[in-house]
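Numbering (the working numbering), first residue to last: 5 to 124. Accompanying notes for the structure given below.
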Amino acid sequence: MTHHDPNCIFCKIIAGQIPSRKVYEDEELYAFHDISPWAPIHFMIVPKAHIPSLAQAGPEHEALLGRIMSLAPKLALEQGCRPYPEGGFRVVVNTGTDGGQEVHHLHVHVMGGPRPWLRG
Ligand code: 5GP
Ligand code: ZN
C-alpha cells in the first residue's frame, strides 16, 4: 500500500481528486504539467508514494530515483524539448525551505524549450 498524505496537494493530484494535465503514469510514478510554468515546457515527475522531499530519500529509494532520472530525458523529448546538445532540458529538485521547496511531496521539475524562460 502506497503511503498517501490526505493533506498533500500532490497526493490529491495523483489520486485524481485535483485535476492535472498528465504527462505519464505507471505503478509508482506520475508526471504532470506545472500549473505555473517557468519555461515553455515544464512538467514534474513525482513518486506516487508520499516522500516529503529528497532529504528523506534513503537506500530503499535508489531504484525509484534512478527510474525518475532515466524517465526525464524520454518525457522531455516527448513533450517537445529539442534533442541534446542544441536542445536539452533542466532538472531541478527543490529541497526544504532554503532549497525553495513549496510543496512537500518529492518532485523533480523538468524544464526546457526555447529561451527566454521566466526563471533561469
Ligand atoms: P516547488 O517550489 O515545491 O519545487 O514546486 C512546486 C511546484 O508545484 C510549483 O512550480 C507550482 O507551480 C506547482 N504547483 C503547485 N500547486 C499545483 C497544482 O495544484 N497543480 C499543478 N499542476 N502544479 C502545482
Ligand atoms: Zn503527497
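Beta carbons are placed, not taken as given, at the ideal position from N, Cα and C, and that holds for glycine.
Taking the Cβ atom as the reference point for each residue, do residue i and residue j lie within a distance shorter than 8 Å?
{"i": "L58", "j": "T101", "result": "no"}
{"i": "D38", "j": "H113", "result": "yes"}
{"i": "M115", "j": "A43", "result": "yes"}
{"i": "A53", "j": "H111", "result": "no"}
{"i": "L69", "j": "L33", "result": "no"}
{"i": "I18", "j": "V50", "result": "yes"}
Report all residues from its chain with a CB closer than 7 Å to the CB of residue i; omit the five preceding and five following residues, and keep chain order.
{"i": "G104", "result": "N98"}
{"i": "R123", "result": "W42"}
Write down the C-beta distance between residue i and residue j rounded to the nearest angstrom, noting that I regard them as a contact closer than 8 Å.
{"i": "F36", "j": "Q83", "result": "Actually they are not in contact, since the Cβ atoms of F36 and Q83 sit about 11 Å apart, beyond 8 Å."}
{"i": "L81", "j": "V27", "result": "Not really, about 12 Å apart at Cβ, beyond 8 Å."}
How would you label residue i, buried or exposed, when you count the other beta carbons within 10 angstroms and need 16 or more for buried?
{"i": "M73", "result": "exposed"}
{"i": "I22", "result": "exposed"}
{"i": "P87", "result": "exposed"}
From the DSSP output, in three-state form, read off residue i for me.
{"i": "M5", "result": "Low confidence applies here, because M5 scores a pLDDT of 49, under 50, leaving its location unreliable; read the following figure in that light. M5: coil per DSSP, three-state reduction."}
{"i": "H65", "result": "helix"}
{"i": "I39", "result": "coil"}
{"i": "R71", "result": "helix"}
{"i": "E82", "result": "helix"}
{"i": "L33", "result": "strand"}
{"i": "I49", "result": "strand"}
Who are the near neighbours of residue i in its chain, counting only those whose CB is closer than 6 Å to its CB and skipping five residues on each side?
{"i": "C85", "result": "I45, G91, F93, G116"}
{"i": "W121", "result": "W42, A43"}
{"i": "K16", "result": "I22"}
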